[in-house]
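Order-wise, the sequence lines are chains V and E.
Using this note's numbering, the letters of the first sequence map in sequence onto residues 1298 to 1454.
Using this note's numbering, the letters of the second sequence map in sequence onto residues 610 to 756.
All C-beta atoms in this analysis are idealised placements derived from N, C-alpha and C, irrespective of residue type, glycine included.
Single-structure report; data block below.
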Amino acid sequence: MNVEIKALIASVLVSGTVLGGLMTAASVARPNGPVPVIKPVAENNVIRDPRLAAGAELYFFNCAHCHGDEGKGGVPNPNGAPAELVPDLVRVAQGYTHEELKDRILKGQREIPVLDPNRAPPPLSMPGWRGRISDSEVEDLVAYLVSLNPSEEESGF
Amino acid sequence: MFIATIFFDAAFWERVHGASTHLPIALTLTSAFLDGAGSIVRSSRIRENLRFSGYFTLLLASLGTVPAVISGLILTKWDLVGSGITSLHHYFVWPAFGLLIAMAVWRSIVRHRTSRIGFSIYFIAILTTALLVSVAGFWGGEMVLKR
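Right, here's the structure in full:
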């Protein structure tokens, strides 16, 4: 057999073993896997409302890597109160008014409450988005965040 | 591995990941450039030297991915995909990582016994890897900027 073909087989085997090993190690280290999505934002994941679609896009590129896809949270933030995780945003509309949400997004929160003052502060904090996104984009984002709130039927009431 | 997460906090691993990822990115691009240059020069001696340098930088790049991948996995708590632009980063990182290892193995076995077709396919693969690594690096930078 040609040495190049032999080398190709060997390279596929080694590469596959390394990637497979990583997947196995990850499944052992994270036995519960990713947190399931609580509520699909729209049927077949297609958002028809243009304002919500714009908000969802803004959310994906600017917020989701900390707050999780569709606001489900779960990104680790060691020593951050209350659960060492970046908070989920699924029910954020229940705790904030429209204006408060806008204010929160624009100002951010640099000081994250800690669980243990003797440990290192949480590495992640909420950046302020004033000057980084426009007023209409903040409105789109707030509309999207409000849309994540489960309906009464979904939340079991 | 798990002890490492106890003794060093996430901020430490974020710095390690940021520092260690640039070496394999730069070396992969350099390797592709050297192999490309080696393909167009006429002098066989220079071509051989350029291709050896391309091979050597590829080996260093694949070795350099080890601390980059380990620090990244510790940082994400072994989440191989993540969410938002972290997932975009990972969609490009894992194919690039797999290709880089595969090519380092292939080239270590074949060494100078490459056919024209074999090297052409290899060169397309290293260009693809360089592109994947660059895009992964772009999304990694976006993650840092947006925090």
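Quiz item: Which residues of chain V have a Cβ atom closer than 7 Å to the Cβ of threonine 695 (chain E), listed in chain order?
Solution: Neighbourhood of threonine 695 (chain E) in chain V, by CB distance below 7 Å: His1362, in chain order.
Quiz item: Buried or exposed: alanine 1361 (chain V), going by 16 or more other Cβ atoms within 10 Å of its Cβ?
Solution: Using a 10 angstroms sphere on the CB of alanine 1361 (chain V), the tally of other CB atoms reaches 16 or more, which defines it as buried.
Quiz item: Is it a yes or a no for the region 718–735 of chain E touching the region 689–698 of chain E, going by three-plus beta-carbon pairs under 8 Å?
Solution: Contact fails between the region 718–735 of chain E and the region 689–698 of chain E, because fewer than three Cβ pairs, one in each stretch, are under 8 Å apart.
Quiz item: Is there contact here, the region 1311–1328 of chain V with the region 673–692 of chain E, by at least three beta-carbon pairs under 8 Å?
Solution: Enough Cβ pairs lie closer than 8 Å, so yes.
Quiz prompt | glycine 1377 (chain V) in three-state terms, based on DSSP | solution = In this structure, glycine 1377 (chain V) counts as strand in the three-state DSSP scheme.
Quiz item: Is the Cβ of aspartate 1385 (chain V) closer than 8 Å to any Cβ of chain E?
Solution: When Cβ-Cβ separations below 8 Å define contact, aspartate 1385 (chain V) makes no contact with chain E.
Quiz item: Which stretch, first to last residue, makes up the alpha helix (DSSP H) that contains proline 1347 (chain V)?
Solution: For proline 1347 (chain V), the uninterrupted alpha helix (DSSP H) segment begins and ends at 1347–1359.
Exercise. Step through the CB atoms of chain V and report whether any lies within less than 8 Å of the CB of valine 625 (chain E).
Key: False, the Cβ-Cβ gap to chain V never drops below 8 Å.
Quiz item: Can at least three beta-carbon pairs, one atom from the region 702–709 of chain E and one from the region 1367–1381 of chain V, be found at a separation below 8 Å?
Solution: Touching, no, given that fewer than three Cβ pairs across the two stretches are closer than 8 Å.
Practice problem: Determine whether the Cβ of glycine 691 (chain E) lies closer than 8 Å to any Cβ atom of chain V. | Solution: With respect to chain V, the C-beta atom of glycine 691 (chain E) has a partner C-beta closer than 8 Å.
Quiz item: According to DSSP, which residues form a beta bridge with leucine 1382 (chain V)?
Solution: DSSP, once it has assigned bridges, lists V:Pro1373 as partnering leucine 1382 (chain V).
Quiz item: If we count the other Cβ atoms within 10 Å of its Cβ and call it buried at 16 or more, is isoleucine 710 (chain E) buried or exposed?
Solution: Its Cβ being crowded by 16 or more others within 10 Å, isoleucine 710 (chain E) is buried.
Quiz item: valine 1334 (chain V) to glutamate 1354 (chain V), Cα distance in whole Å?
Solution: Any answer about valine 1334 (chain V) is weak, because its pLDDT of 42 lies below 50 and its placement is not dependable; what the coordinates show is given next. Taking the straight line joining both Cα atoms gives about 17 Å.
Quiz prompt | Start and end residues, alpha helix (DSSP H) containing isoleucine 735 (chain E) | solution = Looking at the DSSP string, the run of the alpha helix (DSSP H) that includes isoleucine 735 (chain E) is 725–754.
Quiz item: Given that a residue counts as buried once 16 or more other Cβ atoms are within 10 Å of its Cβ, and exposed if not, what is threonine 1314 (chain V)?
Solution: Threonine 1314 (chain V) should be labelled exposed.
Quiz item: Would you report the Cα separation of glycine 727 (chain E) and methionine 1320 (chain V), rounded to the nearest angstrom?
Solution: Straight-line Cα distance between these residues: approximately 30 Å.
Practice problem: May I ask you to report which of helix, strand or coil DSSP gives arginine 660 (chain E)? | Solution: The answer is helix: DSSP assigns arginine 660 (chain E) an H, G or I state.
Exercise. Kindly indicate which three-state DSSP category arginine 716 (chain E) falls into: helix, strand or coil?
Key: Looking at arginine 716 (chain E) - three-state DSSP - the assignment turns out to be helix.
Quiz item: Which one or two residues does DSSP pair with aspartate 1430 (chain V) in a beta bridge?
Solution: Sequence check: residue 1430 (chain V) is isoleucine here, not aspartate. The partner list for isoleucine 1430 (chain V) (beta bridge, DSSP) reads V:Arg1427.
Practice problem: Specify whether the region 1378–1394 of chain V and the region 618–632 of chain E touch according to this definition: at least 3 beta carbon pairs, one from each stretch, less than 8 Å apart. | Solution: No, they do not touch.
Exercise. On a CA-only basis, which of V:Ile1402, V:Leu1445, V:Ser1444, V:Ala1307 is nearest glycine 1428 (chain V)? Give me that one, please.
Key: For glycine 1428 (chain V), the closest alpha carbon among the candidates V:Ile1402, V:Leu1445, V:Ser1444, V:Ala1307 is that of V:Ile1402.
Quiz item: DSSP on valine 1411 (chain V), reduced to helix/strand/coil?
Solution: For valine 1411 (chain V), the three-state secondary structure derived from DSSP is strand.
Practice problem: In the DSSP assignment, find the alpha helix (DSSP H) that holds leucine 1398 (chain V) and state where it starts and stops. | Solution: Unbroken alpha helix (DSSP H) run through leucine 1398 (chain V): 1395–1404.
Self-check item: valine 1439 (chain V), DSSP secondary structure in three states
Solution: It is helical.
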